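Student: Residue numbering for the sequence shown follows the numbering used here, starting at 532 and increasing by one per position. Just so you know, even glycine gets a beta-carbon here, dropped at the ideal spot from N, CA and C. Just so we're clear, the structure is a prediction, and the values are computed from it rather than from any experiment. The structure that follows is given in the form of structure tokens.
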Amino acid sequence: MGITGWKNSGKMTLVERLVSEFTGRGYKISTIKHAHHTFDIDHQGTDSYRHREAGAIEVALVSGCRWALMHELHGDDEPPLEAVLNRISPCDLVLVEGYKQEARAKIEARRSDAKKTEPLTPGDPAIVTIAADHAIEGETVPVLDLNDISAIADFIIDYCRLPKRDDAE
């Protein structure tokens, strides 16, 4: 399920709260965050940074607490969402923040004080509901309260036909 919206529309907070809600209900959740800028999870001087600088295409960092795989594009195109989804470990649900142009089911986050307030729904048939912090009339999709995380999670469970779970397993 995608989460889309303009800057400061509440996307990140919505994803964070949904992850907490779903994991509290016993679901295994993964997330994908699309960045419009360069980013680095590694720092100059570390061994793994030096591996990348030497030309490694992929570098895995592994510890007893977590592991990360960094893939250098070296001028190749950014991978499509489908390619990234194919690399995610099995889980119950993947929440995808960003990727506005993808034709996958999405929730449009709207906050009255977002950077832009122009609705995305009229131009995006993949938006299946709106989560807003203000009243909205005349939409062709359901409108949910941005702060009612339980209701948004219930909508996603129904929409994605996830098995119902009441407690953490």
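1. Rounded to whole angstroms, what's the CA-CA distance from Ala699 to Tyr558? Just pull it up for me.
2. Go ahead and pull the three-state DSSP assignment for Asp685.
3. Would you call the CB atoms of Ile534 and Ile638 closer than 7 angstroms?
4. Entirely within the stretch 575–628 and at least 4 residues each: give me those alpha helix (DSSP H) ranges in chain order.
5. To which residues of the same chain is Thr671 closer than 8 angstroms at the C-beta, ignoring the five residues directly before and after it?
6. Check each candidate in Val546, Ala599 and Glu584 and name the one with the smallest Cα separation from Ala591.
7. State yes or no: is the C-beta of Ile514 within less than 7 angstroms of the C-beta of Met532?
Tutor: In short:
1. Translated into positions along the sequence shown, residue 699 becomes position 168. Translated into positions along the sequence shown, residue 558 becomes position 27. Any reading at Ala699 needs caution, since the residue's pLDDT is 46, under 50, leaving its predicted position unreliable; the model's value is listed next. Their backbone Cα atoms lie some 7 angstroms apart in a straight line.
2. For this step, residue 685 is matched to residue 154 along the sequence shown. Looking at Asp685 - three-state DSSP - the assignment turns out to be helix.
3. Within the sequence shown, residue 534 is the residue found at index 3, counting from 1. Within the sequence shown, residue 638 is the residue found at index 107, counting from 1. Contact flag set, yes.
4. 578–584 and 612–616
5. Position 140 of the sequence shown, counted from the first residue, corresponds to residue 671. Around Thr671: Thr652.
6. For this step, residue 591 is matched to residue 60 along the sequence shown. When only C-alpha atoms are compared, the closest one is Ala599.
7. The structure shown does not extend to residue 514, since the chain is modelled only from 532 to 700, so the question has no answer here.
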